[in-house]
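Anchor point for the sequence shown: position 219 equals 228 in the working numbering, and the numbering is continuous, going up by one each time.
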Amino acid sequence: MLMAPLRRGQPKPKASNLIVEGHEQSASPTTTFTPDDLALLHYWTISTSLDIIKSPAGDHYWQQKFPNIGFQYTFVMHGILSVTALHLAYRHPADKPRLVCIAAYHHNIALRGFQHGASQVNDGNSDALYAFSCLNMVYVLAFFGPLCDGASVDSKSRILGDGWIPAIRGVDALLHPVYDRVCRGPLDDLTKIGNWDQLDPDQQAVTHDDHFRSIQQVWENNNDACIYEESLYILRKCNAYMKQFETMSSEARAEWGYNQDWSAPYIWLHATSKEYLDLLQQRKPPALLIFAYFGALAHTLDGSWFMEGWGRSIILVVDELLRGYYDRWIKWPKDVTGIK
Numbered sequence: 010m011l012m013a014p015l016r017r018g019q020p021k022p023k024a025s026n027l028i029v030e031g032h033e034q035s036a037s038p039t040t041t042f043t044p045d046d047l048a049l050l051h052y053w054t055i056s057t058s059l060d061i062i063k064s065p066a067g068d069h070y071w072q073q074k075f076p077n078i079g080f081q082y083t084f085v086m087h088g089i090l091s092v093t094a095l096h097l098a099y100r101h102p103a104d105k106p107r108l109v110c111i112a113a114y115h116h117n118i119a120l121r122g123f124q125h126g127a128s129q130v131n132d133g134n135s136d137a138l139y140a141f142s143c144l145n146m147v148y149v150l151a152f153f154g155p156l157c158d159g160a161s162v163d164s165k166s167r168i169l170g171d172g173w174i175p176a177i178r179g180v181d182a183l184l185h186p187v188y189d190r191v192c193r194g195p196l197d198d199l200t201k202i203g204n205w206d207q208l209d210p211d212q213q214a215v216t217h218d219d220h221f222r223s224i225q226q227v228w229e230n231n232n233d234a235c236i237y238e239e240s241l242y243i244l245r246k247c248n249a250y251m252k253q254f255e256t257m258s259s260e261a262r263a264e265w266g267y268n269q270d271w272s273a274p275y276i277w278l279h280a281t282s283k284e285y286l287d288l289l290q291q292r293k294p295p296a297l298l299i300f301a302y303f304g305a306l307a308h309t310l311d312g313s314w315f316m317e318g319w320g321r322s323i324i325l326v327v328d329e330l331l332r333g334y335y336d337r338w339i340k341w342p343k344d345v346t347g348i349k
């Protein structure tokens, strides 16, 4: 994942909404790469690309196919360099300020190139647009998560998705014209999610589904109940998708392809509705509770450098906002993340 199958029907965002706030001035249309950039590309090849999926089923896309695309489309190369700089910033905290600035510089050049390419979609650039969307997700999660300067922003709003969710979904919304082309090309496997369409947690016994279903009573007789139900159902389906891998043989997992259990939280980010996200930004208690349960799934990815701390941070913020009446419903997410 680090790209989900594309969602249709999303509004087309403005280009200005895709830029990470505070770094617009760093971007320029240059296509000249420096020796320092080549050093970043080398580090991408030997380290960063192997520290994203960490699976034989997916590593070669990041290590080989994305750079090959980047040699033809410089905005993809800038995307690669931006993620590499953040990975180095994560590994070397003492040099973090400089490396984060380098990452933002490359990312904003990449965003402008992506925006230009998305306005002129053709068979040639479709894979490049899709590859950048994958890189963008890693960048955004790292930038707003483990590498964020918490003193410079409202941490509650940041953690609840103000900034990072639009930065992911805004890029993805521009990709609908390329989907069919990508499905016919070398990145086809990145668009497939196995038996997702056949999963139905209402008809199947799924571990921990009872915890997810327990929060439905919170929005009984609520005018927005349908919105909450839809978002929770997708999250329950993501849980079912993840759980099937716990009993899957290594042979079956090897044959499954790219999008395995780690993809599930990203599926929810792409598939949940704008209406739900609006309610989340309004800090409606049912929306916050659902987001806490998303945090429980996200916590399973805590071993990924760009996801480190996300699940726990989400649950801590929701717990702080909903203390008291909602304690019994948030107990399970707190338990699975070790929050006392």
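Cβ coordinates follow ideal geometry from the N, Cα and C atoms, glycine included.
Predicted, not measured: the structure shown is a model, and the values here were computed from it.
The beta-carbon separation of residue 316 and residue 310, rounded to 4 Å, stays under the 8 Å limit for a contact. Burial state of residue 339 is buried, judged by a 10 Å Cβ sphere holding 16 or more other Cβ atoms. For residue 87, the CB contacts under 6 Å within the same chain, skipping 5 residues up- and downstream, are 115, 118 and 119 in chain order. The beta carbon of residue 244 is closer than 8 Å to those of 221, 277, 281, 299, 302, 303 and 306 in its chain, skipping five residues each way along the sequence. Take the alpha-carbon of residue 203 and the one of residue 191: they are about 17 Å apart.
Counting of Cβ neighbours within 10 angstroms places residue 213 among the exposed residues, the total staying below 16. The residues 84 and 141, in chain order, have a CB closer than 6 Å to that of residue 123 in the same chain once the five nearest residues on each side in sequence are set aside. Of the other Cβ atoms in all chains shown, fewer than 16 fall within 10 Å of the Cβ of residue 334; this residue is therefore exposed. For a cut-off of 8 Å, the C-beta gap from residue 109 to residue 98 is around 5 Å, short enough to register as a contact.
For a cut-off of 8 Å, the C-beta gap from residue 198 to residue 267 is around 5 Å, short enough to register as a contact. Excluding five sequence positions before and after residue 231, the CB atoms of its chain that fall closer than 8 Å to its own CB belong to 237 and 295, given in chain order. Just measuring C-alpha positions, the residue of 55, 82 and 81 sitting nearest residue 72 is 55. In this structure residue 103 is exposed. Its beta-carbon is surrounded by fewer than 16 other beta-carbon atoms within 10 angstroms. Contact between residue 78 and residue 94 fails: their C-beta atoms lie close to 19 Å from each other, not under 8 Å.
Taking residue 285 as the centre and dropping the five residues before and after it, the same chain places the C-beta of 236, 237, 239, 240, 296 and 299 closer than 8 Å to its C-beta, in chain order. The residue from 185, 149 and 183 with its alpha-carbon nearest to that of residue 168 is 149.
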